[in-house]
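Structure first, commentary second.
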Amino acid sequence: MAKNILVTGGAGYIGSHTCVELLKAGHDVVVVDNLVNSSQESLRRVEELVGRSLEFRQVDLCDAVALERVFEEHTFDAVVHFAGLKAVGESCEIPLRYYENNLHGTFELMKAMDKHDCRNIVFSSSATVYGDPASVPITEDFPLQTTNPYGRTKYFIEEILRDQCLADDRWRCLLLRYFNPIGAHSSGRIGEDPNGIPNNLMPYVMQVAVGLREEVVVFGDDYETPDGTGVRDYIHVVDLALGHLVALEKLPGLPGCTAVNLGTGQGYSVLEMIAAGREASGREISYRIGDRRAGDIATCYADSAMAASLLGWRAEKGLSEMCVDAWRWQSENPDGYPED
Ligand code: NAD
Ligand code: UD1
Numbered sequence: 066m067a068k069n070i071l072v073t074g075g076a077g078y079i080g081s082h083t084c085v086e087l088l089k090a091g092h093d094v095v096v097v098d099n100l101v102n103s104s105q106e107s108l109r110r111v112e113e114l115v116g117r118s119l120e121f122r123q124v125d126l127c128d129a130v131a132l133e134r135v136f137e138e139h140t141f142d143a144v145v146h147f148a149g150l151k152a153v154g155e156s157c158e159i160p161l162r163y164y165e166n167n168l169h170g171t172f173e174l175m176k177a178m179d180k181h182d183c184r185n186i187v188f189s190s191s192a193t194v195y196g197d198p199a200s201v202p203i204t205e206d207f208p209l210q211t212t213n214p215y216g217r218t219k220y221f222i223e224e225i226l227r228d229q230c231l232a233d234d235r236w237r238c239l240l241l242r243y244f245n246p247i248g249a250h251s252s253g254r255i256g257e258d259p260n261g262i263p264n265n266l267m268p269y270v271m272q273v274a275v276g277l278r279e280e281v282v283v284f285g286d287d288y289e290t291p292d293g294t295g296v297r298d299y300i301h302v303v304d305l306a307l308g309h310l311v312a313l314e315k316l317p318g319l320p321g322c323t324a325v326n327l328g329t330g331q332g333y334s335v336l337e338m339i340a341a342g343r344e345a346s347g348r349e350i351s352y353r354i355g356d357r358r359a360g361d362i363a364t365c366y367a368d369s370a371m372a373a374s375l376l377g378w379r380a381e382k383g384l385s386e387m388c389v390d391a392w393r394w395q396s397e398n399p400d401g402y403p404e405d
C-alpha cells in the first residue's frame with residue numbers, strides 16, 4: 066500500500082538512493098534537508114530517474130517552527146531519519162556542533178512526530194556503535210561502545226528512541242546499523258559527492274582512478290588481518306536503500322524498538338578494495354602504505370542473519386558491481402553535482 070513518507074536528509078548520499086526506491090515502490094515522499102552536506106540537484110535527478118516528483122523543503126531539523134509547518138501540511142505514515150552530520154574526524158574537532166545538530170534535530174523531529182500522531186521511524190544508525198568488537202561477525206546483541214562524538218550521537222539517539230518506545234507503546238522504531246555503504250545508482254546519475262578530501266576509502270580510491278588525486282594512503286598494513294590492512298563490510302548503497310523499503314513495510318508489525326545490522330556479512334581488505342577499484346575502472350591506482358589512522362579497528366563485518374529473518378532482506382550486489390557503479394558515477398561526474 067502506498068504510504069506518505071517523510072525523509073529527513075533525503076538529498077544526501079543514502080537518502081537520495083532511498084528516495085528512488087520509495088518513489089519506484091509507489092510511496093509519496095517529502096524530503097526535509099538543510100543542504101549542509103548535499104545539493105538539491107540530487108533530488109532533481111531522483112525525479113528524472115523515476116519519472117515521479119517528490120516534495121522538497123529546505124528546512125533545518127533544529128528549526129522547530131519550520132518543521133512544525135511541514136507536519137501541519139502533511140499527514141505522514143512514517144519517517145526515515147537520515148539527517149545528521151557524519152564525519153568522524155570533524156566530530157572530534159567540533160563535538161558541540163555534532164551533538165547539537167544530531168541530537169537537537171532528532172528531538173525536534175520526535176516531538177513533531179508525537180504531536181502529529183506519526184510514531185513510526187526508521188533511523189540511520191551505524192556499525193560505529195559496536196566500537197572495537199571483541200569478535201566478528203558482529204551480531205546486534207554485541208555490547209555497544211563508542212570511540213568518538215559522531216558515534217556517541219548515534220548511540221545516544223538509539224537510546225532516546227528506545228526509551229520513547231518503552232514509554233509509549235504506540236511508537237515503532239527500527240535502528241538500522243549500516244556497515245560501509247559504497248557504490249552508486251547504476252544509471253550513474255546519483256552517487257556520493259564528498260565535500261573536499263574524502264574521509265572514506267572508496268570515494269578516495271575513485272578520485273585517484275579519475276585523476277583528481279595522486280595516490281591512496283593505506284592506513285597501516287600491520288593489523289592482524291590476512292594482508293595486514295583493515296577489513297570492512299562494504300555494502301552497495303542500492304541494497305541499503307532497499308533495506309529501508311522493507312523496513313517501512315515491516316515496521317508496523319514489529320514490537321517497539323529493534324536494532325538490525327545492514328551489511329553483507331563479507332569483509333574485504335583495503336588492498337582488495339584498491340584491486341577491485343583498479344579492475345572496475347581499468348585505471349592504475351597508485352598507493353603507498355602510511356601510518357594507522359587513530360581510532361581505526363582491524364576488522365568489522367556484520368552477521369546479517371537478523372535482517373534476513375526479521376525483514377526478509379539480504380544484500381544482493383557483490384563487490385564488482387559496487388565498484389563498477391561507483392566508477393560510472395565518478396567518471397561521469399568527476400566533480401560531483403554541479404553547484405545549485
Ligand atoms: P549525507 O551527509 O550525504 O546525508 C545527510 C543529509 O542530512 C545531508 O543531505 C545533509 O544536508 C542533511 N542534514 C544534516 N543535518 C541536517 C539538519 N540539521 N537538518 C536537515 N538536514 C540535515 O550522509 P549519508 O552518507 O547519506 O548518511 C545518511 C545517514 O546515515 C547519516 O545519519 C549518517 O550518519 C548515517 N550513516 C552513514 C554511513 C556512511 O558511510 N555514509 C554509515 C553509517 C551511518
Ligand atoms: C568510517 C567511520 C565510521 C563509519 C564508517 C561507515 C572513521 C574513523 N570511521 O569507518 O564511523 O561508521 O566509515 O561510513 O572515519 N582507509 C585507508 N585510506 C583512506 C581511507 C580509509 O587505508 O584514505 C582504510 C581505513 O583504515 C579502513 C578502511 O580503509 O580500514 C575503510 O575506511 P573508511 O571508508 O573510512 O570506513 P571505516 O573506517 O570503516
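If you want our numbering, it's the 1-based position in the sequence shown plus 65.
Glycine included, each C-beta is placed from N, C-alpha and C at the ideal position.
*Are the CB atoms of E349 and R343 nearer to each other than 8 Å?*
With contacts defined as CB atoms closer than 8 Å, E349 and R343 qualify as a contacting pair.
*Taking Cβ positions, are A143 and V187 nearer each other than 8 Å?*
In this structure, V187 lies closer than 8 Å to A143 by Cβ.
*Assuming N260 and N102 form a contact by the criterion Cβ under 8 Å, report the distance between their Cβ atoms to the nearest whole angstrom.*
Sure, about 6 Å apart at Cβ, within 8 Å.
*Mark G196 as exposed unless 16 or more other C-beta atoms lie within 10 angstroms of its C-beta, in which case mark it buried.*
Here G196 is buried. Its C-beta has 16 or more other C-beta atoms within 10 Å.
*asked:* Between D125 and the ligand NAD, is there a pair consisting of the residue's CB and a ligand heavy atom that are separated by less than 7 Å?
replied: Yes.
*Per DSSP, the bridge partner or partners of T211*: Answer by DSSP bridge pairing: none, since T211 is not bridged.
*L327 and R242 closer than 8 Å at C-beta*: Taking 8 Å as the Cβ cut-off, L327 and R242 qualify as a contacting pair.
*asked:* For T294 and S346, what's the separation of their Cα atoms in angstroms?
replied: Approximately 22 Å, taken between the alpha carbons.
*Roughly how many angstroms lie between the CA atoms of V124 and R162, to the nearest whole one?*
It is roughly 17 Å from the alpha-carbon of V124 to the alpha-carbon of R162.
_Span of the alpha helix (DSSP H) around L375_ = It is not in any alpha helix (DSSP H) - L375 carries neither H nor E in the DSSP assignment.
*Candidates M175, N99, L114 and E155, of which the one nearest F136 by Cα*: Closest by C-alpha distance to F136, out of M175, N99, L114 and E155, is M175.
*Do the segment 245-263 and the segment 67-87 make contact, defined as three or more Cβ pairs closer than 8 Å?*
These segments touch.
*Along the chain, which unbroken stretches of the beta strand (DSSP E) at least 3 residues long are found entirely within the segment 250-288?*
Taking 3 residues as the minimum length, the beta strand (DSSP E) runs contained wholly in the segment 250-288 are 281-284, in order along the chain.
*asked:* Could you check whether the segment 111-131 touches the segment 280-292, counting it as contact only if at least three pairs of C-beta atoms, one from each stretch, sit closer than 8 Å?
replied: No, the segment 111-131 is not in contact with the segment 280-292.
*Three-pair Cβ contact test at 8 Å for the segment 366-379 versus the segment 306-318*: Output reads yes: the segment 306-318 touches the segment 366-379.
_For I70, report the span of its beta strand (DSSP E) as first-last._
It spans N69 to T73 - the beta strand (DSSP E) in which I70 sits, taken as one unbroken run.
*Hey, S104 and D405 are a contact pair by Cβ (cut 8 Å); roughly how many whole angstroms apart?*
Indeed, because the Cβ distance is near 5 Å, the residues count as touching under 8 Å.
*How close, in whole Å, do the beta carbons of C238 and E173 come, if the pair is a contact with beta carbons under 8 Å?*
Contact between C238 and E173 does not hold, since their C-beta atoms are separated by about 17 Å, which reaches or exceeds 8 Å.
*asked:* I need the straight-line Cα distance from V201 to M271, nearest angstrom please.
replied: Rounded to the nearest angstrom, the two C-alpha atoms are 28 Å apart.
*So does L266 have its beta carbon nearer than 7 Å to some heavy atom of the ligand UD1?*
Correct: L266 has its Cβ closer than 7 Å to the ligand UD1.
*Taking 7 Å as the cut-off, does the CB of N245 come closer than this to any heavy atom belonging to the ligand UD1?*
Because some heavy atom of the ligand UD1 lies under 7 Å away, the Cβ of N245 counts as near it: yes.
_Within 8 Å, strictly: CB atoms of L132 and A177_ = Closer than 8 Å, so yes.
*Alpha carbon to alpha carbon, how far is A90 from A232? Give it in angstroms, no decimals.*
Going by the C-alpha atoms only, they are around 33 Å apart.
_Short of 7 Å in beta carbon distance, which residues of its chain neighbour S251, apart from the five on each side in sequence? Order them along the chain._
Excluding sequence neighbours, S251 sits near D390.
*In three-state terms, what does DSSP make of P160?*
Here DSSP, grouped into helix, strand and coil, assigns P160 to helix.
_For E205, which residues in the same chain have their Cβ closer than 7 Å to its Cβ, ignoring the five residues on either side in sequence?_
Closer than 7 Å at Cβ, skipping near neighbours: A324, V325, N326 and M371.
*Give a yes or no on whether the C-beta atoms belonging to I222 and L277 are separated by under 8 Å.*
In this structure, L277 does not lie closer than 8 Å to I222 by Cβ.
*Over the uninterrupted alpha helix (DSSP H) stretch that includes G80, give me the two end residues.*
Residues Y78 to K89.
*Keeping to the same chain, check which residues put their C-beta closer than 8 Å to that of V283; ignore five residues upstream and five downstream.*
Cβ neighbours of V283 beyond the five flanking positions: T294, V335, L336, I339, Y352, R353, I354 and G355.
*asked:* For A341 and V281, what's the separation of their Cα atoms in angstroms?
replied: Taking the straight line from one Cα to the other gives about 14 Å.
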